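So the sequence shown is numbered by full-length UniProt numbering: it starts at 1 and just counts up by one.
All C-beta atoms, glycine included, are put in the ideal place defined by N, C-alpha and C.
Bear in mind the structure is a predicted one, so any value in this text is a computation, not a measurement.
Report on the structure given below.
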Amino acid sequence: MNEFAKSHKFLKIVFGLGLFIILCLGGYSYKHIQQLSDTRDNITHTYEITLELERMLAQVYYAKANHRGFIISQDSVFLHPFITNKVKIVGHLYNLEVLTKSNDVQHKNLDTLSTDVRSLISYLDQTISYNQSQLREPDTLKNVFINSRYKEDLIRTRTTNMVDLENDVLEIRQSENSQVLNYTPIILYSVLILTLILLMLAYARITHDINYLKRINRTLDLYKNSSQQAEIIGQNGTWIWNIDDNTFEFSDNFYRLMGVHPKNINDGLDTFLSNVHKNDRAQLKRHIIKMKTEEHPPFMNYRIIDPNYNVKHFKVYGQLVETKDGQKQIIGTTADITADVENLYTIENRNRELEHNNKELSTFNYVASHDLQEPLRKIQTFLSRLEIEDKHSLSQKGLHYIERVKSSAARMRMLIDDLLQYSRTNKSDKKFIDTDINNIINDVLEELSPSIKSTGAIINVDEFPKMKVTPFQMHQLFVNIINNAIKYRKENVTPKVNITYNEVKSNTVKPLQQSLFKYFHNISITDNGIGFDEAHADKIFILFKRLHKEKYDGTGIGLSICKKIVDNHNGYILASGEPNVGAKFDIYIPFLR
1 MNEFAKSHKF
11 LKIVFGLGLF
21 IILCLGGYSY
31 KHIQQLSDTR
41 DNITHTYEIT
51 LELERMLAQV
61 YYAKANHRGF
71 IISQDSVFLH
81 PFITNKVKIV
91 GHLYNLEVLT
101 KSNDVQHKNL
111 DTLSTDVRSL
121 ISYLDQTISY
131 NQSQLREPDT
141 LKNVFINSRY
151 KEDLIRTRTT
161 NMVDLENDVL
171 EIRQSENSQV
181 LNYTPIILYS
191 VLILTLILLM
201 LAYARITHDI
211 NYLKRINRTL
221 DLYKNSSQQA
231 EIIGQNGTWI
241 WNIDDNTFEF
251 SDNFYRLMGV
261 HPKNINDGLD
271 TFLSNVHKND
281 RAQLKRHIIK
291 MKTEEHPPFM
301 NYRIIDPNYN
311 VKHFKVYGQL
321 VETKDGQKQI
331 IGTTADITAD
341 VENLYTIENR
351 NRELEHNNKE
361 LSTFNYVASH
371 DLQEPLRKIQ
381 TFLSRLEIED
391 KHSLSQKGLH
401 YIERVKSSAA
411 RMRMLIDDLL
421 QYSRTNKSDK
431 KFIDTDINNI
441 INDVLEELSP
451 SIKSTGAIIN
461 VDEFPKMKVT
471 PFQMHQLFVN
481 IINNAIKYRK
491 ENVTPKVNIT
501 YNEVKSNTVK
511 PLQQSLFKYF
521 HNISITDNGI
531 GFDEAHADKI
541 FILFKRLHKE
551 KYDGTGIGLS
561 ICKKIVDNHN
571 GYILASGEPN
581 VGAKFDIYIP
591 FLR
């Protein structure tokens with residue numbers, strides 16, 4: 001939810017919603033003001049009708065008064081105002097005709113009123129034409145005044161009715177106007193408050209975004225500085241190739257790697273190829289074409305010659321990307337691997353030296369296996385002949401010396417054999433192949449069958465899967481450990497050896513938890529022999545280290561060979577034991593699943 005609230009889509013929604021609210025409020029305010037204006041116009045219209053009716057009625061009064069003055073005095077001074085009154089009455093009737101055309105009731109009332117007014121004016125015009133003799137008759141003069149008064153009263157009544165009707169309309173419209181006016185402050189304050197709320201929200205959002213951008217900019221500055229430091233430490237530089245306009249952007253450290261100043265060269269393809277070794281330039285150009293066409297081109301190594309004419313080795317990688325506006329760019333990294341190349345040359349030279357030393361060691365092994373053993377065989381042969389031919393002529397002391405020499409020669413020969421075996425485990429030409437461990441164990445048991453039969457040893461073996469190992473080394477591993485289990489047995493106790501198999505994960509065995517491998521073959525070899533003190537569990541794998549020197553013969557090399565073999569397989573060998581109870585060896589060989 002927080003991520004959505006920060007997204008561009010959320011900002012669009014909020015902006016659209018705010019704009020919609022403002023438009024709605026603006027539209028409603030406009031409608032309210034328009035309604036207020038219409039109400040005001042209606043009230044004004046009502047007042048105009050009422051005023052026109054009153055003015056028209058006043059002109060009727062004036063016309064009748066001037067008519068009466070003329071009838072009584074026969075003075076023509078009253079005729080001109082009378083004529084003016086008639087003209088004004090006609091004008092007011094016309095105005096009323098225009099004002100009441102939208103009101104059918106009032107328009108109908110106006111028609112009746114107009115008929116009565118015109119009837120009165122016609123009657124007044126008619127009586128003005130009476131001569132003096134007619135007016136002297138009492139009945140005639142009386143009839144004139146009575147008839148004109150009747151028509152005047154009728155006009156007054158109709159005018160009053162129309163005014164009353166307009167007053168009723170006026171009252172309704174004034175009520176509507178008051179109602180609209182009462183809502184006006186509420187609407188104005190509502191618009192003001194909502195506008196202020198939106199402004200405050202916008203201000204808060206803008207402030208939040210500005211602070212967020214400041215934090216992002218600080219973080220970007222930190223990343224930029226860290227990236228620049230990382231480029232310096234890692235001896236690499238970054239670059240961007242804008243393919244459409246064929247321009248380059250290089251990081252500061254790229255110029256440092258090239259050994260040039262940014263102001264001294266232009267940011268173009270020529271800069272990228274300027275100092276490239278002539279033998280690598282064509283290949284680099286082909287690689288650049290690959291960058292433009294392949295999504296994931298391979299790395300490429302090439303050489304440059306810096307301004308001091310030093311040869312440097314570079315590694316370059318670039319990937320094609322497309323920006324949001326459709327422009328194509330290649331973002332790349334160039335690393336200075338001169339030190340790595342020089343180290344590689346050094347390692348190769350040392351490897352050649354090691355190969356030479358290994359050949360010398362092989363020669364030494366040959367000498368040890370033939371030239372050193374040959375004198376021992378002669379010593380043993382002559383001792384045997386001496387013991388057979390001159391046994392009776394030798395004293396007991398001489399025979400004792402011969403036995404001592406024979407024992408020493410045998411130990412010397414066994415030591416040479418073990419040293420040769422140990423040197424074989426150091427050879428680098430070992431190959432890991434899928435091997436049936438069951439066959440290896442059967443071969444080992446066949447090889448050790450004389451000692452197994454002579455001691456009556458019981459060997460229990462689990463079924464083993466195939467493992468990717470070096471067969472002859474695994475053979476030697478089982479020979480040494482099983483032979484030790486039989487050799488270091490308790491007196492008058494039948495030796496028992498259990499060889500079991502399990503598959504384990506590295507996180508379940510503490511010594512394996514730091515390993516890069518996840519799965520291990522676990523080979524456990526347990527015996528019921530003399531055992532050893534747990535404090536010596538690590539020492540027994542040390543070359544020439546022996547725990548039972550006096551009671552048992554040995555060279556102290558056998559378990560060292562086992563340790564070396566397990567190391568060659570990237571594995572672990574752990575020993576545990578208890579005096580007079582037995583010993584246990586756990587071997588862990590890694591494998592991939």
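>> Between Phe464, Ile482, Pro465, Asp462, which has its C-alpha nearest Glu446's C-alpha?
In response: Ile482
>> Considering only DSSP beta bridges, list what Ser524 is partnered with.
In response: Thr500, Asp586
> What number of angstroms, rounded off, separates the C-alpha of Asn95 from the C-alpha of Leu188?
Replying inline: 38 Å
> Going straight from the alpha carbon of Ser37 to that of Glu166, what length do you get?
Replying inline: 19 Å
> Is Ala339 helix, strand or coil by DSSP?
Replying inline: helix
> With burial defined as no fewer than 16 other Cβ atoms inside 10 Å of the residue's Cβ, what is the status of Asp116: buried or exposed?
Replying inline: buried
>> Just to confirm before moving on: does the CB-CB distance between Arg303 and Val316 stay below 8 Å?
In response: no
> At what residues does the beta strand (DSSP E) containing Glu322 begin and finish?
Replying inline: 311-322
>> Mapping the DSSP letters down to three states, classify residue 608 as helix, strand or coil.
In response: Any answer about residue 608 is impossible in this case: the structure gives the chain only from 1 up to 593.
> Is there contact between the stretch 246-256 and the stretch 341-356, where contact requires at least three CB pairs shorter than 8 Å?
Replying inline: no
> Does the Cβ-Cβ distance between Tyr516 and Tyr572 come in under 8 Å?
Replying inline: Checking the sequence shown, residue 516 turns out to be Leu, not Tyr. Their beta carbons are not under 8 Å apart, which means Leu516 does not touch Tyr572 by this criterion.
>> Among Gln235, Asp245, Trp241, Asp244, whose alpha-carbon lies nearest the alpha-carbon of Gly259?
In response: Gln235
> Per DSSP, which one or two residues make a beta bridge with Ser576?
Replying inline: Lys584
> In this structure, does DSSP put Lys468 in helix, strand or coil?
Replying inline: strand
> What separation, rounded to the nearest whole angstrom, lies between the Cα atoms of Ala202 and Arg215?
Replying inline: 20 Å
> Taking buried to mean at least 16 other C-beta atoms within 10 Å of its own C-beta, is Gly318 buried or exposed?
Replying inline: buried
> Should Gly237 go down as buried or exposed, given a rule of 16 or more other Cβ atoms within 10 Å for buried?
Replying inline: buried
> Distance, Cα to Cα, Thr157 vs Lys151?
Replying inline: 10 Å
> Assuming Ile49 and Ile89 make a contact with CB atoms under 8 Å, what is their CB distance in whole Å?
Replying inline: That pair is no contact at about 16 Å.
> Alpha carbon to alpha carbon, how far is Lys324 from Gln34?
Replying inline: 48 Å
> How is residue 604 classed by DSSP in three states: helix, strand or coil?
Replying inline: Shown here, the chain extends from 1 to 593; a query on residue 604 therefore has no answer.
> Going by the CB atoms, is the gap between Ile440 and His400 shorter than 8 Å?
Replying inline: no
>> Do Glu176 and Thr44 have their beta-carbon atoms positioned less than 8 Å apart in this structure?
In response: no
> By Cβ distance below 8 Å, which residues in the same chain neighbour Thr494 in space, the five residues on each side in sequence not counted?
Replying inline: Thr455, Gly456, Ala457, Ile458
> Can you check whether the CB of His521 is closer than 8 Å to the CB of Ile589?
Replying inline: yes
> DSSP on Lys549, reduced to helix/strand/coil?
Replying inline: Residue placement at Lys549 cannot be trusted, given a pLDDT of 49 that sits under 50; what the coordinates show is reported in the next sentence. Of the three classes helix, strand and coil, the one that applies to Lys549 here is coil, per DSSP.
> Is Phe591 helix, strand or coil when you go by DSSP?
Replying inline: strand
>> Under DSSP, the beta strand (DSSP E) around Glu249 begins and ends at which residues?
In response: 247-250
>> I'd like to know whether the C-beta atoms of Ile499 and Val461 end up nearer to each other than 8 Å.
In response: yes
>> Suppose the cutoff is 6 Å on Cβ atoms and the five residues either side in sequence are ignored; what does the same chain contact list for Pro81 look like?
In response: Asn66
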